[in-house]
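Q: Residue numbering for the sequence shown follows this note's numbering, beginning at 784 and increasing consecutively.
All residues carry an ideal CB built from backbone N, CA and C; glycine is no exception.
None of these values were measured; they are calculated from a predicted model.
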Amino acid sequence: MQDLSNLVVYDDGELELKVSVDSETIWLTQLQMSQLFDTSTDNVGLHLKNIYLEKELNENSTTEFFSVVRKEGNRLVKRELKHYNLDVIICVGYRVSSLIATKFRQWATSVLKNYIQNGYAINGEKITNDRFVSLENDVNILKSQMNKINSKLKENSLEFNQNILELV
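1) For the beta strand (DSSP E) that contains K865, what are its first and last residues?
2) Suppose you measure from the CA of N833 to the CA of C874; what does that come to, to the nearest Å?
3) Measure the C-alpha to C-alpha separation of A891 and T845 and round it to an integer number of angstroms.
4) Could you tell me whether the segment 865 to 883 touches the segment 816 to 833, using the rule of 3 or more Cβ pairs below 8 Å?
5) So what does DSSP say about K931, is it helix, strand or coil?
6) When DSSP labels each residue in this structure, what does E938 get in the three-state scheme?
7) If we ignore side chains and look at the alpha-carbon of each, how far apart do V916 and S927 end up?
8) By the three-class DSSP mapping on this structure, what secondary structure does F849 have?
9) The beta strand (DSSP E) that contains I809, what's its start and end?
10) If T822 sits next to L814, beta carbons under 8 Å apart, how far is it from one beta carbon to the other, in whole angstroms?
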């Protein structure tokens, strides 16, 4: 049975999706991806087949089987279901033709553009006290590196000025 502590519920008012979070990624089944991008499971399956045939991604490193208990008729049945990681979900999102997939691509493109332009991207919803402390530590490391670079520049500038004076 899947560990419920690793389950996150995505609910945008129209779609409620239970997402498995494990090892710094999220995992969705083919059915969940079809629900997420508002398309058929056959369409998602076609895109998955092409993603792996074109060697865009490696199937062994982007899929895992998770035990899931689901209702079949009046019985609860435990099944091993193939799940796909975030890399696959993004690839499928860029291939599917639907309004929701288009919104996903626009969002992903804006995040990527922001990252390229600014050198970082911030997810405001994920900033917690622990994340803030981690971010503050990263900023302090950057400041320290900048101070070292500035010191080196000043040192080189002084050396350069002294060499000019010696020539005169």
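A: Looking at the coordinates:
1) 858 to 867
2) 10 Å
3) 19 Å
4) yes
5) helix
6) helix
7) 16 Å
8) strand
9) 808 to 810
10) T822 to L814, Cβ: 11 Å. No contact.
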